[in-house]
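Undergrad: Next up is a structure, given as structure tokens.
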Amino acid sequence: MRPVFGISWGFVPRLAALYVGLFVLSGIQMPFLPLWLKGKGVDAGMIGVVMAVPMIVRAFATPFVARAVDRRDAVRAAIMLASCAGVLGFILVGIADTAIAILLAYVLASLVSTPVLPLTESYALKGLGALGRAYGPVRLWGSAAFIAGNFVAGFAADVIPARDIIWLIVAASVLIAVASLGLPPLSAGTPMRGEPVKARGSLLTNPMFIVLLAAASLIQSSHAVFYGFSALQWRAAGLDGTAIAALWALGVIAEMILFAYQARLPLFFAPTVLLIVGALGGALRWALMAFDPPTFVLPWAQLLHALSFGATHLGTLMLLVRITPANQGATAQAYLAIALSLTMAGAMAISGILYEDFGSRAYAAMALMALAGGACGFVAHRMGREPTR
Numbered sequence: 054m055r056p057v058f059g060i061s062w063g064f065v066p067r068l069a070a071l072y073v074g075l076f077v078l079s080g081i082q083m084p085f086l087p088l089w090l091k092g093k094g095v096d097a098g099m100i101g102v103v104m105a106v107p108m109i110v111r112a113f114a115t116p117f118v119a120r121a122v123d124r125r126d127a128v129r130a131a132i133m134l135a136s137c138a139g140v141l142g143f144i145l146v147g148i149a150d151t152a153i154a155i156l157l158a159y160v161l162a163s164l165v166s167t168p169v170l171p172l173t174e175s176y177a178l179k180g181l182g183a184l185g186r187a188y189g190p191v192r193l194w195g196s197a198a199f200i201a202g203n204f205v206a207g208f209a210a211d212v213i214p215a216r217d218i219i220w221l222i223v224a225a226s227v228l229i230a231v232a233s234l235g236l237p238p239l240s241a242g243t244p245m246r247g248e249p250v251k252a253r254g255s256l257l258t259n260p261m262f263i264v265l266l267a268a269a270s271l272i273q274s275s276h277a278v279f280y281g282f283s284a285l286q287w288r289a290a291g292l293d294g295t296a297i298a299a300l301w302a303l304g305v306i307a308e309m310i311l312f313a314y315q316a317r318l319p320l321f322f323a324p325t326v327l328l329i330v331g332a333l334g335g336a337l338r339w340a341l342m343a344f345d346p347p348t349f350v351l352p353w354a355q356l357l358h359a360l361s362f363g364a365t366h367l368g369t370l371m372l373l374v375r376i377t378p379a380n381q382g383a384t385a386q387a388y389l390a391i392a393l394s395l396t397m398a399g400a401m402a403i404s405g406i407l408y409e410d411f412g413s414r415a416y417a418a419m420a421l422m423a424l425a426g427g428a429c430g431f432v433a434h435r436m437g438r439e440p441t442r
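Be aware that the sequence shown starts at 54, since it is given in the numbering used here, and climbs by one per residue.
Structure (structure tokens):
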């Protein structure tokens, strides 16, 4: 295979395969891990704590990994090592029995597995940039895999005991490990096609970078109540596992459509505009959910996932690439992961308390969080420091 900038033509399908593994795992874990925890006898407050663990651990683990990766230009090797270690970590979670044992095992599993996604994003942006390929059309394979994982877990939740759902998560972690072993290497210092290599500098002294972290972390963390308790809420309303999976899938399909058309978006949709649109979509979505809407409204609320998550994610990564030195890609992703993780951890822990005390009205707090993130996005837009798209 003829390489381009040291990258083989097999890069895109192999990267897509890794995204498939990562998001099959997410499609199972995010909606249905709370059901497994409840099946193990864990109460709502502790479910919020357990769901917050990956975010907290990522904040401590990812920076060390990212700095080592950037110094050694070893992002591919780090992805492989962390993916294989993640399999062992989730097996330990599966054999844990008490709430404390589950929490400790989940801490360990999160410690080794959470760096994989930010490292993959760094690897993807670097390689796709060198090939002149858009991020969205490749990333959408991950979204499609999320739907597949969602439905597999949804069907399984109707036919197997909730206590066995964890083994679906273990199987998905094996897929990730296998896909990581097939990643092609990136040549040292691979530049993005058509873009100069930016000089190394301190990202934390860049005001645009700081505002970006604030906007992205607030908007994405406004999903906390949804991620932690939507499946429980819908189950209590009488929806079965398949219906819950279908609702999650609908939101991801909307996200996929946005990703597929990333390169065709009008010039008006600069990264900061996407952040603002994502915040407004999130605020509307959570306002609807706060009223515990009837079932026929839920699909319409789920379509707003294209904005609350999809537009926010694209805007974040598009702006991140533009303001980050080429030799600090993993570090930038690490800082983003820290901001997302700490904010989501706090939101997730609080969401358990809010949901236990107020039920669906907990979404009102998430709407306010999304609007706060939108305000940060507006500040970034007014700063006027980003180049035109």
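From the three backbone atoms N, C-alpha and C, an ideal C-beta is built for every residue, glycine too.
Computed from a prediction, not measured in an experiment: that's the story for all the values here.
Between R120, A354, Y72, G363, which has its C-alpha nearest L311's C-alpha?
TA: As a first step, residue 311 is located in the sequence shown; it is residue number 258 there, counting from the start. Considering only alpha carbons, the answer is G363.
Undergrad: Here's a check: name, in chain order, each residue in its chain whose Cβ is nearer than 6 Å to the Cβ of G461, leaving out the five neighbours to either side.
TA: Beyond the ends of the chain as shown, which are 54 and 442, falls residue 461; an answer cannot be given.
Undergrad: Assign P214 to one of three DSSP states: helix, strand, or coil.
TA: For the purposes of this step, residue 214 is taken as residue 161 along the sequence shown, with counting starting at 1. Reduced to three states, the DSSP call for P214 is coil.
Undergrad: Grab the span of the alpha helix (DSSP H) containing D410 for me, first residue to last.
TA: Translated into positions along the sequence shown, residue 410 becomes position 357. Unbroken alpha helix (DSSP H) run through D410: 382 to 411.
Undergrad: On a Cα-Cα basis, can you pick out the residue from A400, H434, I406, A428 that is closest to I109?
TA: The sequence position of residue 109 within the sequence shown is 56, counting from 1. Per the Cα distances, A400.
Undergrad: Sorted by chain position, which residues of the same chain lie with C-beta nearer than 6 Å to A336's C-beta, five sequence neighbours on each side aside?
TA: In the sequence shown, the residue the question calls residue 336 occupies position 283. Only A420, A423, L424 meet the Cβ criterion.
Undergrad: Excluding the five sequence neighbours on either side, which residues of its own chain have a C-beta within less than 6 Å of the C-beta of W339, listed in chain order?
TA: On the sequence shown, position 286 is the one that residue 339 refers to. Excluding sequence neighbours, W339 sits near Y416, M419, A420.
Undergrad: Considering only their Cβ atoms, is the gap separating T348 from D211 smaller than 8 Å?
TA: Residue mapping note: residue 211 aligns to position 158 of the sequence shown, counting from 1. Residue mapping note: residue 348 aligns to position 295 of the sequence shown, counting from 1. No, they are not a contact pair.
Undergrad: My output table needs one value for P378: the three-state DSSP class, helix, strand or coil.
TA: Here residue 378 refers to the residue found at position 325 of the sequence shown. Note: P378 maps to coil in three-state DSSP.
Undergrad: Is A112 near the ligand GDP, with its Cβ less than 7 Å from a heavy atom?
TA: In the structure shown, the ligand GDP is absent, as is every other ligand, since no ligand is present at all.
Undergrad: Just reading off the alpha helix (DSSP H) that R129 is part of, what are its end residues?
TA: Position 76 of the sequence shown, counted from the start, is the residue given in the question as residue 129. In the DSSP assignment, R129 falls within the unbroken alpha helix (DSSP H) covering 128 to 148.
Undergrad: Using 8 Å as the threshold, is the region 101 to 120 in touch with the region 158 to 167, meaning 3 or more CB pairs across them?
TA: These segments touch.
Undergrad: Which of the three DSSP states, helix, strand or coil, is assigned to P249?
TA: Residue 249 sits at position 196 when you count from the first residue of the sequence shown. With a pLDDT of only 44 at P249, under the threshold of 50, the placement of this residue in the model should not be trusted; the figure read from the coordinates follows. Shown here, P249 sits in coil according to DSSP, grouped into three states, outside any helix or strand.
Undergrad: Between the Cα of L236 and the Cα atoms of I144, A206, G63, which residue gives the shortest distance?
TA: For the purposes of this step, residue 236 is identified with residue 183 of the sequence shown, where counting begins at 1. It is G63 whose Cα lies nearest to the Cα of L236.
Undergrad: Can you give me the C-alpha to C-alpha distance between A387 and A354, rounded to a whole angstrom?
TA: Here the question's residue 387 lines up with position 334 in the sequence shown. Here the question's residue 354 lines up with position 301 in the sequence shown. Inter-residue distance for A387 and A354 is about 31 Å (C-alpha atoms, whole angstroms).
Undergrad: What do you get for Y408, buried or exposed, if any count of 16 or more other CB atoms within 10 angstroms of its CB means buried?
TA: Numbered from 1 along the sequence shown, position 355 holds the residue referred to as residue 408. Classification of Y408: buried, given that the 10 Å Cβ count is 16 or more.
Undergrad: So, do the region 92 to 100 and the region 212 to 229 have three or more beta carbon pairs nearer to each other than 8 Å?
TA: yes
Undergrad: Classify A121 as buried or exposed, calling it buried when 16 or more other Cβ atoms lie within 10 Å of its own Cβ.
TA: Along the sequence shown, read from residue 1 onward, the residue named residue 121 stands at position 68. So A121 ends up on the exposed side.
Undergrad: Following the continuous alpha helix (DSSP H) through F321, name the residue where it begins and the one where it ends.
TA: Taking the sequence shown and counting its residues from 1, one reaches residue 321 at position 268. Where F321 is concerned, there is no enclosing alpha helix (DSSP H), given that its DSSP letter is neither H nor E.
Undergrad: Are L328 and A224 close, meaning C-beta to C-beta below 8 Å?
TA: Your numbering for residue 328 matches position 275 in the sequence shown. Your numbering for residue 224 matches position 171 in the sequence shown. Not in contact: L328 and A224 (Cβ atoms no closer than 8 Å).
Undergrad: Taking the Cβ atom as the reference point for each residue, do G405 and G98 lie within a distance shorter than 8 Å?
TA: The sequence position of residue 405 within the sequence shown is 352, counting from 1. The sequence position of residue 98 within the sequence shown is 45, counting from 1. Going by C-beta atoms, G405 is nearer than 8 Å to G98.
Undergrad: Taking 8 Å as the threshold, find out whether the region 356 to 374 comes into contact with the region 64 to 76 through three or more Cβ pairs.
TA: no
Undergrad: Compute the distance between the beta-carbons of V77 and A209, then report whether it is under 8 Å.
TA: Locating residue 77 in the sequence shown gives position 24, where the first residue counts as 1. Locating residue 209 in the sequence shown gives position 156, where the first residue counts as 1. No. Outside cutoff.
Undergrad: Do the CB positions of L370 and Y188 come within less than 8 Å of each other?
TA: Walking along the sequence shown from the start, residue 370 turns up at place 317. Walking along the sequence shown from the start, residue 188 turns up at place 135. Yes; because the gap between Cβ atoms is below 8 Å, this pair is in contact.
Undergrad: Near L300, which residues of its chain fall below 6 Å by C-beta distance, leaving aside the five closest residues on each side in sequence?
TA: The residue given as residue 300 occupies position 247 in the sequence shown. Excluding sequence neighbours, L300 sits near L351, Q355.
Undergrad: Where does V95 sit, in a helix, a strand or coil, going by DSSP?
TA: If you number the sequence shown from 1, residue 95 lands on position 42. Three-state result, V95: coil.
Undergrad: How about G382 and S226: do their beta carbons lie closer than 8 Å?
TA: Taking the first residue of the sequence shown as 1, we reach residue 382 at position 329. Taking the first residue of the sequence shown as 1, we reach residue 226 at position 173. Not closer than 8 Å, so no.
Undergrad: Should G180 and L239 be called a contact, given that it needs their Cβ atoms to be closer than 8 Å?
TA: As a position in the sequence shown, residue 180 is number 127, starting the count at 1. As a position in the sequence shown, residue 239 is number 186, starting the count at 1. In this structure, L239 lies closer than 8 Å to G180 by Cβ.
Undergrad: With C-beta atoms as the reference, is F262 less than 8 Å away from I391?
TA: Taking the first residue of the sequence shown as position 1, residue 262 is located at position 209. Taking the first residue of the sequence shown as position 1, residue 391 is located at position 338. No.
Undergrad: Distance, Cα to Cα, V140 vs I213?
TA: The residue you call residue 140 lines up with position 87 of the sequence shown. The residue you call residue 213 lines up with position 160 of the sequence shown. Going from the Cα of V140 to the Cα of I213 covers about 22 Å.
Undergrad: So F349 is in the alpha helix (DSSP H); what residue range does that whole segment cover?
TA: The residue you call residue 349 lines up with position 296 of the sequence shown. Unbroken run through F349: none, as it is neither H nor E.
Undergrad: Under 7 Å Cβ to Cβ from L193, same chain only, skipping five residues before and after it: list those, please.
TA: To locate residue 193, count along the sequence shown from 1; it is residue 140. Residues M309, F312, A313 of the same chain have their beta carbon placed closer than 7 Å to that of L193, with the five preceding and five following residues left out of the count.
Undergrad: Rounded to whole angstroms, what's the CA-CA distance from P378 to F344? Just pull it up for me.
TA: In the sequence shown, counting from the first residue as 1, residue 378 sits at position 325. In the sequence shown, counting from the first residue as 1, residue 344 sits at position 291. Taking the straight line from one Cα to the other gives about 45 Å.
Undergrad: For G291, count neighbouring C-beta atoms within 10 Å of its own C-beta (all shown protein chains included) and say buried if the count is 16 or more, exposed if not.
TA: Taking the sequence shown and counting its residues from 1, the one referred to as residue 291 is at position 238. With fewer than 16 other Cβ atoms within 10 Å, it is exposed.
Undergrad: What three-state label does DSSP hand T151 in the structure shown?
TA: Translated into positions along the sequence shown, residue 151 becomes position 98. Here T151 sits in coil by DSSP.
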